[in-house]
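Numbering (UniProt numbering), first residue to last: 1 to 328.
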């Protein structure tokens with residue numbers, strides 16, 4: 001599928017066609033950390049799913065701000081399934097649908113340039129399902145960004161289902177943005193959920209990166225919840241203080257090495273006896289970003305970030321970042 005690149009020159013010219021950017025770009029150590037671990041070939045573009053919904057436009061605004069701050073490019077994708085009637089466009093004619101898709105991508109490009117005229121923007125209009133296109137694009141991306149809920153025009157499923165599929169299968173961090181939540185930096189605080197698993201550690205590293213880049217406080221949350229009434233881990237309420245102390249020591253060990261790499265980042269951590277989902281949703285109310293591992297292994301009893309991440313989708317008051325550990 002042919003991709004198009006738009007740039008805006010400093011002299012104010014309109015966007016002009018250009019060739020696809022080379023994959024080989026100079027990048028900073030900050031960009032390497034976006035993927036959760038360092039890499040010999042850090043990625044330098046942010047992929048955004050475009051569908052024209054309120055959530056989708058909020059996602060684009062967030063992605064454009066990140067691209068400008070990190071000197072990255074944007075790649076905008078609007079996918080359509082040619083075998084599905086696209087009733088939201090008021091037609092089932094494929095040529096009309098393609099024209100509407102091109103118009104939508106042009107609007108999205110203009111919106112990105114309204115954030116920063118120096119951002120390089122590429123676009124593509126692939127046939128097929130949105131989740132498949134976004135997952136494929138994630139292999140060459142630093143981030144994939146999309147709205148929590150959309151029009152349902154991109155595939156058989158709504159963008160909510162697309163968000164779940166992309167979060168589960170993308171190979172780079174995925175950012176889910178809800179229109180009702182804020183995207184600007186209001187609180188100067190980044191929240192990360194940890195459980196001791198490999199995805200959790202990747203999430204912690206990514207959270208440190210975002211906190212450093214934003215000059216924000218980092219709040220590390222570990223929420224403990226009994227697996228059931230017969231859970232032997234905590235027999236009585238009176239034993240909670242001792243158990244809490246052990247968890248705090250474990251969390252402190254996780255934090256210490258990365259904190260040494262980011263001495264300017266103020267870190268606070270909380271061990272709470274609560275549902276992980278409830279704890280992170282509450283923490284999101286006073287945060288600019290929430291970061292979690294896309295999957296967990298129950299490194300600490302009771303916290304399984306696979307289910308937690310799915311249940312957080314679209315429910316946080318700020319953008320949600322889901323991080324996969326880099327595969328060897």
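In this text, a Cβ means the ideal position worked out from N, Cα and C, and glycines have one as well.
Out of the options, which has the shortest C-alpha to C-alpha gap to residue i?
i           : options            : result
residue 119 : 66, 79, 169        : 66
residue 186 : 317, 325, 43       : 317
residue 112 : 201, 50, 271       : 50
residue 247 : 109, 125, 220, 210 : 220
residue 341 : 139, 106, 56       : The question about residue 341 has no answer, for the chain in this structure spans 1 to 328.
residue 198 : 74, 324, 128       : 324
residue 184 : 314, 53, 63        : 63
residue 307 : 285, 286, 276, 314 : 276
residue 70  : 94, 43, 216, 57    : 43
residue 284 : 313, 57, 264, 260  : 313
residue 95  : 127, 106, 117      : 127
residue 106 : 278, 58, 123       : 123
residue 68  : 117, 57, 216       : 117
residue 72  : 98, 97, 133, 141   : 141
residue 216 : 287, 132, 98       : 287
Cβ of residue i within 7 Å of Cβ of residue j?
i           : j           : result
residue 319 : residue 162 : no
residue 170 : residue 135 : yes
residue 267 : residue 222 : no
residue 262 : residue 212 : yes
residue 55  : residue 147 : yes
residue 74  : residue 121 : yes
residue 79  : residue 130 : yes
residue 52  : residue 104 : yes
residue 76  : residue 108 : yes
residue 315 : residue 281 : yes
DSSP on residue i, reduced to helix/strand/coil?
i           : result
residue 52  : coil
residue 123 : strand
residue 186 : coil
residue 162 : helix
residue 345 : The displayed coordinates of the chain run from 1 to 328. Any statement about residue 345 would go beyond what the structure contains.
residue 135 : helix
residue 175 : strand
residue 265 : coil
residue 103 : helix
residue 60  : helix
residue 311 : helix
residue 67  : helix
residue 285 : coil
residue 202 : helix
residue 209 : helix
residue 141 : coil
residue 317 : coil
residue 108 : helix
residue 216 : coil
residue 167 : helix
Which residues share a DSSP beta bridge with residue i?
i           : result
residue 224 : 273
residue 193 : 221
residue 115 : According to DSSP, which records beta bridges pairwise, residue 115 is partnered with nothing at all.
residue 73  : 45
residue 292 : 322
residue 80  : 127
Just confirm the distance between the C-beta atoms of residue i and residue j, as a whole number of angstroms; I'd bet it's less than 8 Å.
i           : j           : result
residue 200 : residue 191 : Not confirmed; about 13 Å, so no contact.
residue 269 : residue 255 : 6 Å
residue 47  : residue 60  : Not a contact, Cβ separation roughly 11 Å.
residue 210 : residue 289 : 6 Å
residue 322 : residue 174 : 5 Å
residue 125 : residue 102 : 6 Å
residue 205 : residue 258 : 6 Å
residue 172 : residue 218 : In fact, because the Cβ distance is near 21 Å, the residues do not count as touching under 8 Å.
residue 203 : residue 292 : 5 Å
residue 224 : residue 273 : 6 Å
residue 310 : residue 164 : 6 Å
Under 7 Å between C-beta atoms, does residue i make it to chain D?
i           : result
residue 291 : The displayed structure is made up of one protein chain only, and chain D is not part of it.
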